[in-house]
Structures are given as structure tokens and as C-alpha cells.
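Notes to accompany the following structure.
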Amino acid sequence: MIDLAQLRREPEVVKAALARRGVTSATLDAVIELDVQHRQLLQEAEGLRAQVKDLSRQVGEARRQKDDAAASALAETSRTLGDQEREASAALDELAATLREQLLFVPNLPAPEAPDGADEHDNVELRRWWVGMDEGAAQPTYEAHQRVAHWDIGTDLGILDLETGAKLAGSMFPLYRGFGARLIRALGFFALDRHLPEYEEIRPPSFALTETMMSTGHLPKSADDMYEIGRDGLWAIPTAEVPLTSMHRGEILAEDQLPIRMTAQTACFRREAGAAGRDTRGLLRLHEFDKVELFAYCTPEQALEAHADILRRAEGLLQALGLTYRVLDLCTGDLGTSAARTFDLEVFSPGVDRWLEVSSVSWFRDFQARRANVRYRTSDGSTALVHTVNGSALAWARIWAALVETYRQVDGSVELPAVLAPYLGGQTRIPTRSS
RNA sequence: GGAGGGAUGACAGAGCGGACGAAUGUACCGGUCUUGAAAACCGGCGUGGGCUUGCCCACCGUGGGUUCAAAUCCCACUCCCUCCGCCA
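So the first sequence is numbered by this note's numbering: it starts at 25 and just counts up by one.
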């Protein structure tokens, strides 16, 4: 949620910033107008309430003086005012709800450094990395045996069974088996270990209350993309960011606690409602996938470094796995609702011949903290909202795809990078079924 | 799932219709005393919001209700504790 006080104080600044991501001036004017009305009504209701309270005190006083006639008269006046107050308060509540609702739909102000742009085509590529680059290789090269899509490799080697996954839960719910299942497990363990002990490992619930989903901005705006368990008032989490952001919801943290850094692997559930039929082959787009998330609550001063650290770690994993990737600086038109600045990491999938997003590293400023009401005590004793940053490190389904393609051998087997050996019982080779 | 008990400021813990944003203790901050520290004593010490910046309003688990007036009474819900049942 943006800062209403800032919108009130410097509307032109906010408008200019949000215009970069397509929010019209009229939208914000409507919010400002609601805010004006809200405060007018607030004063009216509070004035009435103050009178009722004062009269009530006088009633009590009169009763003690045994002046029942005066007490009754005062009570009568107070009752009348009380009715008016009730009416004003009801109107006030309605207006406040409308204001809040509109405010919840206003996206975050983009960071000045975020590049301008309308959509994903305007994202700015900052750099690429591939094996051998440091030794002077001009570009990654792939042989014909690496140009096989992971869904074919998965079927050939018996490590991915999408048909059975679909039989159990519908399409886009993958089922890994044998070495494929073990590889997914290994990737999560591998990444979590690398983030300890700087990041505390968390294993959060897989479902979250509506209020929890609100804090990160996933609700109300993206309700169609979330799995809802209506009977219990719960939602399946689309990312560990949801529970992690709310861990300190409503709290005031001590400044010396910050930054609080956490990592968690969870299943992530996404309905992908707006993407029906697109990129549905193999593991390109799924309703459920595992992802290790990195997250930090920090002071505004710590935020940039915390953001950079998560990006470094995500890149470090990709480099350790020897996968080709690129870093994108998301343009204002492609930023998520809550983000001020986001870097996406895309891994190259030689078999599918496409770049696949495997990480999104975002700085939210105080946008999420305002919704979640997470603050800290500053050195001068006052309170301030924390900043939140997070990023995937990494989303495993697509990494799984890039790995089996990149490391496919001439004979059809897959020879995985040695860094994974400790997590694979020492066996890095996925053999062909005939061998 | 059944029965009972509970939820109050950083913590502990009073209050159970009116002068209660809330006793008291601890912790914390400032001061006096002291060579210094401790002790003792004095003072301060929740969070938001509104505007005429001095006042007003809200908040005692959450949401409703009763009343001139609710931390206090009523209803519903959530969570915690104890016991019983069931269960990986």
C-alpha cells in the first residue's frame, strides 16, 4: 500500500512516479477526493463522540449528586447525539472501506532507477553469464544432443511422468519419479545449505489466511491466480514470500535485530488463470512447483545491500550449477504490484531454445510493510516501517528442465554437475533405461 | 469432536458499568547522591489517527450487541492451557 500521507502531501510527485507504470492521474484524484471526504466525516463523527462522552460524564456526576432529574435530561440529550454519532460512524466506516479498497489497488511507486517501459519487451538486459565466459568464450555453445526438450528427456529416462501427474491432479501438476524426484529434492537441499547460517531456515505452513495474503499484495488484486480453500478461509501460498512477510505482522522490531534474513523452501501454487494454453508443455508453466525463497526485513539503509545480496546468491547458484543465464532489470510496465525494483533471472533452456524465468528478486520499500504493519524502533525512539526484499533462489522445476537439457550426453544419459553429488548419494549420472 | 479455564502495556499482573489509556511490580530512559558503580530517592516511559499544536478521537484477543456511559454486561468467532475421545 502506498503512503496516503505522501499522496496528500505531494500528489504531483506520486502521480508522476505512478504515471510511469500506467496509473492515471484520475485514479489518484479519486483517492484524494475520498480522503478529503473521509477526514471531514471523521471530524464530524469524532466531535459527536466527544460530546456524548462529555455528557455521559455529566450524567454520572448528576447521579452522584442525587439529581435524578438532571441526570435523565442529560441522558436524553446524549441519546439523541448518540444516534447521530452512530449514523455518522456508519457512513464513516463505509467511506473508509471504499478508500482502503481503492488504495489497495494502487501499485507501488517504482524506484527512479527502474527503466521505463510498457511490458516485458522493454525490460533491460543487464548481463549474461555462461560456462567458460570468464575464460574468454564469446558465447555458450550447445551440441545437437543438448537440443532435446526436457519433456522428451524426462520420458526417455523415466524421470518425469506428466501424464500421471495430470491423471492425479490435472494438467500442469508434474510428477517426478526415480532419479527425477531425487534431483528435485537435491536441488532444494543444495540451495538451502548454501544460504545457512546467514539466513535462518524456515518451514512455514503451505496455506495462509486472507489477511496474510493481503499483506504481500497478492490479495485482493490477484485472487483469480490463487487456489482458495473457501471452507476453511485459507489460500494455498503462491510463494514463501507470503508467510515470511507476515511472520512479524503487526510488530515493532528492535533496530539492532535488523536485518532479519530468512530462507524457506515451499511448494508454490498458482492457478495461472490468465495464461491458459500458453507455455503449457513440460515444466515451463506449472500449477505447483518447489521454490527456495530468500527474504529480509531491514531498515531503509540496509535495503539496497540486502537486495543485492539476494541477487548475488541466486546468481551464485546458477553459476555453481553451470547454467547459462541472463539478468533483467524489469521496466516499470512489468513490475509486480508491490515492487519498486525487480531483477529477474532467466536460465537458458537449450532443448526448448528459450529463456526461462527462475528467479525474481524484488525490493518493496515499505509497501508491504505498510500493509503488514511491520515497524522498527529507530535510534531516536520513534517508529518507522521496515523495508522488505525477497527473491527466489531458485524455482526448481525450470532449473530441473535446464539441467537435464544442458547436461544431456551423446548417448542420451545426463551427467549432472559435481556440486550436486553430495545430495545425490554421489551419483550424478542419470542413466538411459537400456543401460 | 466433548468439558472446563484463560487472552489487559516490553514482561508480570490488578481492574469486572461512570473520574480507566488503564493500579502495582520488573525492565528501560533521564536526574539527585557517589571517586566510579550499585543501592536508595525523584521524574519519565504504549500505538495509531484528526485538526484550530493544544486539544480531540480510537485501541484492554477479533467482530457484533446492550447502555446516557463498556477493559468491565451479552452473543459469535479465533487462539492458548488442562482433562477426555480420536488419530499419522
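Ideal Cβ placement from N, Cα and C applies to all residues, glycine included.
Own chain residues within Cβ distance below 6 angstroms of residue i, not counting five before or after
i: F197; result: G189, H311, E312
i: L181; result: I454
i: H219; result: T287
Cα-Cα separation between residue i and residue j, rounded to whole angstroms
i: R209; j: A168; result: 29 angstroms
i: A161; j: V155; result: 8 angstroms
i: I183; j: W424; result: 11 angstroms
i: Q343; j: W153; result: 8 angstroms
i: L328; j: M237; result: 25 angstroms
i: L380; j: R45; result: 24 angstroms
i: S362; j: G436; result: 44 angstroms
i: R32; j: T407; result: 21 angstroms
i: S384; j: L42; result: 21 angstroms
i: D143; j: A54; result: 26 angstroms
i: A30; j: V38; result: Note that residue 30 corresponds to Gln in the displayed sequence, not to Ala. Roughly 8 angstroms between the two C-alpha positions.
i: G360; j: G298; result: 15 angstroms
i: D368; j: L72; result: 53 angstroms
i: T51; j: A40; result: 13 angstroms
i: E109; j: L65; result: 11 angstroms
i: L211; j: V376; result: 21 angstroms
i: K191; j: A247; result: 26 angstroms
i: H62; j: D117; result: 9 angstroms
i: L58; j: L352; result: 38 angstroms
i: R206; j: L440; result: 12 angstroms
Coarse secondary structure for residue i, derived from DSSP in three states
i: H145; result: helix
i: D249; result: helix
i: Y447; result: helix
i: W154; result: coil
i: F372; result: strand
i: Y76; result: The identity of residue 76 in the sequence shown is Val, whereas the question assumes Tyr. Looking at V76 - three-state DSSP - the assignment turns out to be helix.
i: S239; result: helix
i: F214; result: helix
i: E137; result: coil
i: L409; result: strand
i: Q163; result: coil
i: V316; result: strand
i: A291; result: strand
i: I284; result: strand
i: F203; result: helix
i: A417; result: strand
Opening and closing residue of the alpha helix (DSSP H) in which residue i lies
i: S230; result: Note, S230: premise wrong, no alpha helix (DSSP H); not H, not E.
i: V38; result: 35-43
i: L268; result: 265-270
i: I334; result: 324-344
i: A93; result: 92-128
i: V428; result: 420-430
Supposed close pair residue i, residue j - CB separation, criterion 8 angstroms
i: N147; j: D358; result: 6 angstroms
i: G204; j: G178; result: 6 angstroms
i: A215; j: L418; result: 7 angstroms
i: H174; j: G346; result: Contact doesn't hold; Cβ gap of about 16 angstroms is too wide.
i: G415; j: I334; result: 4 angstroms
i: R336; j: V371; result: With a Cβ gap of about 16 angstroms, R336 and V371 do not count as contacting.
i: A364; j: L128; result: Actually they are not in contact, since the Cβ atoms of A364 and L128 sit about 17 angstroms apart, beyond 8 angstroms.
i: A93; j: R87; result: 11 angstroms between Cβ atoms; not a contact.
Span of the beta strand (DSSP E), counted from its first residue to its last, around residue i
i: S384; result: 378-387
i: G182; result: Element bounds for G182: n/a, residue is neither H nor E.
i: I276; result: 276-278
i: E224; result: 224-226
i: A396; result: Careful: A396 lies outside any beta strand (DSSP E), inside the alpha helix (DSSP H) at 391-396.
i: G47; result: According to the sequence displayed, residue 47 carries Val and not Gly. Where V47 is concerned, there is no enclosing beta strand (DSSP E), given that its DSSP letter is neither H nor E.
i: L258; result: 258-260
i: L352; result: 349-353
i: R457; result: It is not in any beta strand (DSSP E) - R457 carries neither H nor E in the DSSP assignment.
i: R401; result: 399-401
Own chain, CB closer than 8 angstroms to residue i, minus 5 neighbours either side, in chain order
i: A393; result: Y321, R399, L409, V410, H411, T412
i: I253; result: F231, W259, A260
i: A288; result: E225, I226, R227, P228, A264, P267, L268, V316, E317, F319
i: D27; result: D390, R394
i: V438; result: I177, L181, L427, V428, Y431, R432, R453, I454
7 angstroms CB neighbourhood of residue i in its chain, flanking five on each side removed
i: S270; result: T236, S239, A396
i: S113; result: A69
i: F293; result: Y251, A260, I261, P262, H311, E312
i: Y223; result: R285, M286, T287, L318
i: A442; result: T452
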